[in-house]
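Residue numbers (the numbering used here), protein chains in the order written: chain A, 264 to 419; chain B, 18 to 284; chain C, 2 to 117.
All C-beta atoms, glycine included, are put in the ideal place defined by N, C-alpha and C.
Below you'll find the structure, written out as structure tokens, and then a few comments.
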Amino acid sequence: MRRSRVIEAWTYEPLERFVRESGARLTLVMTPAGQVLAQFGFARAVDVMAAAALGAAVFASSSEIARLLGNLEFSTLHHRGHRFGIFLGGCAVPRGRLLALVIYGEDSSVGLVQLFFDELVRGLQEAAPEQERSRPVLAADFERELNDSLASLFGR
Amino acid sequence: MMIDELTSLVDEYLRSPRSLAFVDLAERLRTEGRLEAAVRVALTGLEHYPTLSAAYDVYARILLDIGDLDRAETIWRELLERDRRHVGALTGLGGLYARKGDYDSALDHLERALSVDPADPAVVQALMRVRRAAEDAEGDATSAQASEQTLFRGLDGAGRGMLLADRHGQMLGGRLETPAGDEVSEPAAAHVASVAREATRTADMLGLGPWLWLTIEAAAANLHLSAPDDQSLLLVVRDRSMPAGRLARLAERAAETARGWLGEQIL
Amino acid sequence: MIAPLAEALDRMTRVGGVWGALLVAADDGLVIAEAVMEGIKPAAIAALAASLARQSGIASEAAGAGTPRFLHLQGAAGTLAVMSAGDGLLLVAVGSDEMNVGLARLEMLRAIEAAE
């Protein structure tokens, strides 16, 4: 039984292994713009949209701080809560940059998540298809692609 | 002969449908396995004789044969409320409880039936059958329990500090108690399976090779976890007075014992 | 607390068969301090040792044995030793299958006593 929902099939195996080994409760893999490529654990559509948007925004903000500080980039962020922790990590694949938003509970740790995130990155890099020939992105194309991806994500 | 007897009962019933012949006919149809016909005859007769105990007794037997144990039990219980010495009801309930595996209740009712009518061959036979079944059932349970108890016999702490589980966290044998004497076999079995998976992953990812054993020195006791084979896990727990090295030796012996025992089990 | 424990790592690495010694945050599985040989991955050791300690603690409590103080995982090709140092800290030693676990354990105890 598949516990993940993926739009891009090549993300499935690396993500399944990551979720299994890290013990993450909730995981999204998305573009820096918040377009979701794969998910695990979200039960309601609104959680996916909100989490993806907020995760992308947080990562974008931290990247801007890094730029102001003269760092090239922050590769990961971590917030630790009382019962849950949040981990945001970025990686580069042939098709561009990806973000992973991971929420984990008391049965995991940021150390485990980080350990297996590194493996996830390697897995995504190996599995990702080559970048498609770039073409001008029309606003209508982008919106249609986003709607298509959301429809696929929610099984409609 | 049997067909003649049935034919004779049918003829009698047809001659006088409102007579009491329906009781014998319903019983005969039941013993012949013609349960639908037996039900029709019994219910038709009960319309004419709504208070006839013998008719209810036969009807309850038919229900038992059909498998409707609850209704059969209800009818016999009502018969006993009217007549505590109703042999049919006592015998019927004896058979019913035996079917449910409640041999104590079955024997109780059958012995009461025998005390009412010591010469009734049906009661005698039923009692003998149920006694044999009860002995067989007790033998099975005893032998399983004995097998588990012999698992670590002779080893220090056998009855309270050694546990054999499968990789899914389910008990295979042995027994684990806390220092206070509470049995914790099942939860311990469940959790050691998780520990074993974690140990496997840790050893694999850190290049330690296949893991051989894990010892845990804890506040109240020392624990030793190993895998007698690739399907099972052995947990040995002893109080802290036993040094780690000696605990490891004890666990080795227990693992050997466990391997032998596992090999003997019929799956 | 942390400084004396971190200083003890160097002594731990002098025990026969030790490839690396670490001070680890138990809840996070993160490295606080480390002294490891080239090629040894401290982040992986920290995360996995902390996770093993957590699972072992749950099993130990379930067995009525209480909170674990020391773990020894023996592999066919290596050894891992983990000691609770209090304050959510773990001392970890990883080494060959012939690592002197007894000495490593003594060094860990000395370090904890010195830090208290």
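| Item | Value |
| --- | --- |
| Looking at C-beta atoms only, is the number of pairs between the region 285-292 of chain A and the region 313-330 of chain A that lie closer than 8 Å three or more? | yes |
| Using CA coordinates, which residue listed in Ala238/B, Leu189/B and Ala197/B is at the minimum distance from Asp246/B? | Leu189/B |
| Looking only at its own chain, which residues have a Cβ that is under 6 Å from the Cβ of Gly96/C, when we skip the five neighbours before and after it? | Gly18, Val19, Trp20 and Thr80 |
| Would the beta-carbon of Leu81/B fall within 8 Å of that of Ala72/B? | no |
| Quick check: is the beta carbon of Ala45/C nearer than 8 Å to any beta carbon in chain B? | yes |
| Based on DSSP bridge pairs, tell me the residues matched to Ser243/B. | Trp230/B and Leu251/B |
| Please return the same chain residues whose Cβ sits closer than 6 Å to the Cβ of Ala447/A, not counting the five positions on each side in sequence. | In this structure chain A extends from 264 to 419, so residue 447/A is not present and cannot be described. |
| Ala9/C by DSSP, collapsed to three states: which one? | helix |
| How big is the Cα-Cα spacing for Thr274/A and Asn101/C? | 44 Å |
| Confirm, please, whether the CB-CB distance from Phe281/A to Leu383/A is below 8 Å. | yes |
| In three-state DSSP terms, what is Tyr367/A? | strand |
| So Ser85/C is in the beta strand (DSSP E); what residue range does that whole segment cover? | Thr80 to Gly87 |
| Looking only at C-alpha atoms, which of Gly186/B, Arg184/B, His185/B and Ala205/B sits nearest to Glu194/B? | Ala205/B |
| Distance check for Pro357/A and Leu267/B, CA to CA, integer angstroms please. | 56 Å |
| Identify which residue in Thr48/B, Val58/B and Arg51/B has its Cα closest to the Cα of Glu29/B. | Val58/B |
| Is the number of C-beta pairs between the region 100-107 of chain B and the region 127-147 of chain B that are closer than 8 Å three or more? | yes |
| Apart from the five residues on each side of it in sequence, which residues of its chain come closer than 6 Å, Cβ to Cβ, to Tyr76/B? | Ala59 |
| Pull out every residue of the region 193-208 of chain B whose Cβ sits closer than 8 Å to any Cβ of chain C, in chain order. | Leu193, Glu194, Thr195, Pro196, Ala197, Asp199, Val201, Pro204, Ala205, Ala207 and His208 |
| On a Cα-Cα basis, can you pick out the residue from Glu393/A, Ser326/A, Ser371/A and Gln388/A that is closest to Arg283/A? | Ser371/A |
| Looking at the structure shown, is Pro69/C part of a helix, part of a strand, or coil, going by DSSP? | strand |
| Any residues in the region 56-71 of chain C with a beta carbon nearer than 9 Å to a beta carbon of chain B? Which ones, in chain order? | Gln56, Ser57, Gly58, Ile59, Ala60, Ser61, Glu62, Ala63, Ala64, Gly65, Ala66, Gly67, Thr68, Pro69, Arg70 and Phe71 |
| From which residue to which residue does the beta strand (DSSP E) around Arg170/B run? | Looking at the DSSP string, Arg170/B is not in any beta strand (DSSP E), and its letter there is neither H nor E. |
| Determine the contact status of Ala294/B and Leu240/B, defining contact as a CB-CB distance below 8 Å. | This structure cannot speak to residue 294/B, because chain B is shown only from 18 to 284. |
| Buried or exposed, going by whether 16 or more other CB atoms sit within 10 Å of the CB of Gln377/A? | buried |
| Closer than 9 Å, Cβ to any Cβ of chain C: which residues of the region 368-395 of chain A, in chain order? | Glu369, Asp370, Ser371, Ser372, Val373, Gly374, Leu375, Val376, Gln377, Leu378, Phe379 and Asp381 |
| Got a sec? Which residues, its chain only, sit under 7 Å from Gln248/B by beta carbon, not counting five neighbours each side? | Asp183 and Arg184 |
| Which same chain residues end up closer than 7 Å to Gly176/B when comparing Cβ atoms and leaving out the 5 residues on each side of it in sequence? | Arg192 |
| Are there 16 or more other CB atoms within 10 angstroms of the CB of Val16/C, so buried, or fewer, so exposed? | buried |
| If you pair each beta-carbon of the region 55-63 of chain C with each one of the region 31-39 of chain C, do three or more pairs fall below 8 Å? | no |
| Can you list the residues of chain B that Val95/C reaches, using a CB-CB cut of under 7 Å? | Leu223 |
| Based on the DSSP output, what are the partners of Asp256/B in its beta bridges? | Ala238/B |
| The beta strand (DSSP E) with Val37/C in it runs from where to where? | Leu31 to Val37 |
| Does Leu49/C get closer than 8 Å to chain B when you measure Cβ to Cβ? | yes |
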